[in-house]
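Novice:
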Amino acid sequence: MTKTRYTPEQWESYSAALRSMSVKTVELARAVLVEGKKPVALADETGEKKQVIYAAVQRVNAALANAGAQELIPVLVWVPAELEDQVRAIAQPYPQPQ
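Residues 139 to 236 in my numbering are what the sequence shown lists, from first letter to last.
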């Protein structure tokens, strides 16, 4: 399993992509992908089967990849007012957090 890691801020910025998933699936995947827990240790901690945890991580990774999470990073920068339109034009084709 390829494991992408996310910061808590990145995770929150992509929460819209995970709305259709169960809370349990998202929480299990977050423990692995954000908190860095090992799936086997998480299985022992939660009582879930490790296959359930691996499947949750795969489903979440697929949803985030479809949402562009693996190619895009959030950027907060200060620019002169005259460059605002150019910066917004660059970001416009990509999904933005709501």
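Even glycine gets a Cβ: it sits at the ideal position worked out from N, Cα and C.
Computed from a predicted model, the values in this text were never measured in an experiment.
Restricting to Cα atoms, I'd like to know which of Ala219, Val217, Glu183 and Val213 is closest to Glu147.
Specialist: Selected option, being the one with the closest Cα: Val213.
Novice: For Arg143, collect the residues of the same chain with a Cβ closer than 8 Å to its Cβ; drop the 5 residues on either side in sequence, then sort them by chain order.
Specialist: Closer than 8 Å at Cβ, skipping near neighbours: Leu171, Val172 and Gly174.
Novice: Check whether the segment 218-228 and the segment 173-189 are in contact - that is, three or more C-beta pairs closer than 8 Å.
Specialist: No contact exists between the segment 218-228 and the segment 173-189.
Novice: Just how far apart, CA to CA, sit Asn204 and Tyr232?
Specialist: If I take the Cα positions, the gap works out to 12 Å.
Novice: Enumerated in chain order, which unbroken segments of the alpha helix (DSSP H) with a length of 4 residues or greater are wholly contained in the segment 148-204?
Specialist: Here the runs fully enclosed are 161-171, 177-184 and 188-204.
Novice: Expressed to the nearest angstrom, what Euclidean distance is found between the alpha-carbon atoms of Val161 and Arg226?
Specialist: If you take the alpha carbons of Val161 and Arg226, they lie about 33 Å apart.
Novice: For Met139, does the three-state DSSP call read helix, strand or coil?
Specialist: With a pLDDT of 49 at Met139, under the threshold of 50, the modelled position of this residue cannot be trusted; read the value that follows with caution. If DSSP states are grouped into helix, strand and coil, Met139 belongs with coil.
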